[in-house]
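Here's the structure we're looking at; comments come further down.
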Amino acid sequence: MAMLALKPPMGWNAWNYFGPGEICEKVIKETADAMVDHGFLEAGYNILSIDDRWMSKERDADGNLQADPERFPSGMKAIGDYIHSKGLKYGLYEGAGVLTYAGQAGSFGYERQDAKKFAEWGVDLLKYDFGYTTPGANEINLFRRMGQALRESGRDIIFSACLGRREVAEWMKSCGANMWRLCGDITDNWDSIMKVIENAIGLEPYAAKGAWNDPDMMVVGLNGQGYVGQIGGGKGCTVNEYEAHFAVWCMLCAPLLMGHDVRNTTPEIKKILLNKELIAINQDDLGVVAYKMPHVSYISDKDFILAKPLANGDIAFCLLNPRETARNMILAWDFCGWEVTDTVRMRDVLLHEDMGEFKNGLAYRVEPHSAKVFRATRI
375 MAMLALKPPM
385 GWNAWNYFGP
395 GEICEKVIKE
405 TADAMVDHGF
415 LEAGYNILSI
425 DDRWMSKERD
435 ADGNLQADPE
445 RFPSGMKAIG
455 DYIHSKGLKY
465 GLYEGAGVLT
475 YAGQAGSFGY
485 ERQDAKKFAE
495 WGVDLLKYDF
505 GYTTPGANEI
515 NLFRRMGQAL
525 RESGRDIIFS
535 ACLGRREVAE
545 WMKSCGANMW
555 RLCGDITDNW
565 DSIMKVIENA
575 IGLEPYAAKG
585 AWNDPDMMVV
595 GLNGQGYVGQ
605 IGGGKGCTVN
615 EYEAHFAVWC
625 MLCAPLLMGH
635 DVRNTTPEIK
645 KILLNKELIA
655 INQDDLGVVA
665 YKMPHVSYIS
675 DKDFILAKPL
685 ANGDIAFCLL
695 NPRETARNMI
705 LAWDFCGWEV
715 TDTVRMRDVL
725 LHEDMGEFKN
735 GLAYRVEPHS
745 AKVFRATRI
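Below you can see the structure in the form of structure tokens.
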């Protein structure tokens, strides 16, 4: 089997907007069309992933998973064929328990059979959730069983593990996972985004090519709508908050899985999600996750200054202001491997503008609930 997910996967997942109630064949086909028409596929978002409630609660006479006949009347291979016909990869959801969270047929006890069926259907990514497990079941072994079954399936299938706890970063790679959720479900508000970011900080040593920390699917563009948008209070986020959200995901080498209704993407959201310079930072060949700059006398412990080494020797910096007021933030070279006296050429990644050359660091005013991202080259 080939090594998979050597760069953070990019694509779209149905859950954040459509949840368990609205997912169906029509929505998936329209979304596949929209991912191509709006330029998302061209930008690298090449996975379309169907989440919970695609399957029936009952298996067929041979014990195989089967599609919900009302939601996916053509079957799961046919919908996968349609996704592939658009140049996209096909993602699918299952759970490690006897039932999924939405109460449908889970994979417990059927791991090998299900993995072979996924391969027959042409699945390229499996999101594997944890719930409704047998009391006392060993969670590590449950994920290990599916990881092994996927490797034996005869098809290269990215294994996206969803247990939703920080400590899984310590062991999920050993189960064969290519990405693993670090937290519970994100919601469409700034407080939730910041909690997810804070939870992910410090876990960068566990990530590597083919094995990524996953802070959850993005809420960029939900605007308080859809399943997760309503759970988040229905207000959504500002454009600046969504831009900061996307910027930090790029810095953390997070899988970039959109969650909004792609069919109705606004120009403001498209501008955020199609920022080629930010995507290049996320997909950089070095594959190193950003680390948080240390707290010193001139850097508040409430400031988030992230540094991400890049393959060509550049360093990407993200100045994140989670506060309610604007903040003057100081970026110093000496905490990222350079000398404080080095001359550095800076580029504003969000504005796509060259800023000039700087010595001894940079002071920059960052607005509330906003981020600035710079690409720095030592000269």
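In my numbering, each number is its position in the sequence shown, counted from 1, plus 374.
Positions of the beta carbon are idealized from the N, C-alpha and C atoms, including for glycine.
Model, not experiment: these values are computed from the prediction.
- When C-alpha distances from Asp503 are compared across Arg518, Thr639 and Gly510, the shortest belongs to Arg518.
- In the three-state scheme derived from DSSP, where H, G and I count as helix and E and B as strand, Cys627 is classed as coil.
- With fewer than 16 other beta carbons inside 10 angstroms of its own, Asn638 counts as exposed.
- Secondary structure within the stretch 520–590: the beta strand (DSSP E) runs of 3 or more consecutive residues, fully enclosed, are 532–536, 553–555 and 586–588 (chain order).
- DSSP, read as helix, strand or coil, puts Lys490 in helix.
- Straight through space, the alpha carbons of Phe392 and His619 are spaced by roughly 21 Å.
- In the DSSP assignment, Phe392 falls within the unbroken alpha helix (DSSP H) covering Trp389 to Phe392.
- Inter-segment contact for the stretch 641–658 and the stretch 698–708 is absent: fewer than three beta-carbon pairs are separated by less than 8 Å.
- For the stretch 704–732, the continuous beta strand (DSSP E) assignments of 3+ residues that do not extend past its boundaries occur at 717–722, in sequence order.
- In this structure, Cys627 and Pro382 form a Cβ contact; the two beta carbons are roughly 5 Å apart against a cut-off of 8 Å.
- Assigned with DSSP and collapsed to three states, Ala408 falls in helix.
- Put simply, of Gly471, Gly521 and Asn515 the residue whose alpha carbon is nearest the alpha carbon of Arg486 is Gly521.
- By the Cβ-count criterion, Ala441 is buried, with 16 or more other Cβ atoms from all chains shown falling within 10 Å of its own Cβ.
- Rounded to whole angstroms, the gap between the alpha carbons of Val602 and Val570 is 15 Å.
- The alpha helix (DSSP H) runs lying completely inside the stretch 405–453 and spanning 4 residues or more are 414–417, given in chain order.
- In the DSSP annotation of this structure, the continuous segment of the alpha helix (DSSP H) that includes Gly600 starts and ends at Gly600 to Ile605.
- Only residues of its own chain outside the window of five on either side were considered, and among them Ala585 have a CB closer than 6 Å to the CB of Lys547, listed in chain order.
- Annotated as distal: Leu684 and Asp716, with beta-carbon spacing of 8 Å or more.
- Under the DSSP assignment, Glu468 falls in the beta strand (DSSP E) whose first and last residues are Lys463 to Gly469.
- In the three-state scheme derived from DSSP, where H, G and I count as helix and E and B as strand, Pro641 is classed as helix.
- Here Met632 is not near Tyr456, since their CB atoms are 8 Å or more apart.
- C-alpha of Ile643 to C-alpha of Gly510: approximately 44 Å in a straight line.
- Assigned with DSSP and collapsed to three states, Leu499 falls in strand.
- Here the stretch 591–608 makes no contact with the stretch 532–540; the two share fewer than three CB pairs at distances below 8 Å.
- Lys733 sits exposed, since fewer than 16 C-beta atoms from the chains shown fall within 10 Å of its C-beta.
- Out of Leu736, Leu422 and Tyr475, the CA that lies nearest to the CA of Gly496 is found in Leu422.
- DSSP places Arg697 in the coil class of the three-state scheme, outside both helix and strand.
- Minimum Cα-Cα distance from Glu399 among the listed residues Gln478, Pro443, Thr507 and Leu378 corresponds to Pro443.
- In the displayed model, Val747 falls within a strand according to three-state DSSP.
- When the alpha-carbon of Thr405 is set against those of Ala388, Ala582 and Tyr738, the nearest one is in Ala388.
- Leu462 is positioned such that its CB atom lies no closer than 8 Å to that of Ile424.
- Within the DSSP secondary-structure output, Arg739 pairs in a beta bridge with Asn702.
- Beta-bridge partners of Ile689 (DSSP): Pro683 and Ala750.
- By the neighbour-count criterion, in which a residue is buried when 16 or more other Cβ atoms sit within 10 angstroms of its Cβ, Ile453 is buried.
- Going by DSSP, Ile655 is part of the alpha helix (DSSP H) stretching over Lys650 to Asn656.
- Looking only at Lys501, Asp530, Phe691 and Ile514, the smallest Cα-Cα distance to Val622 is reached by Phe691.
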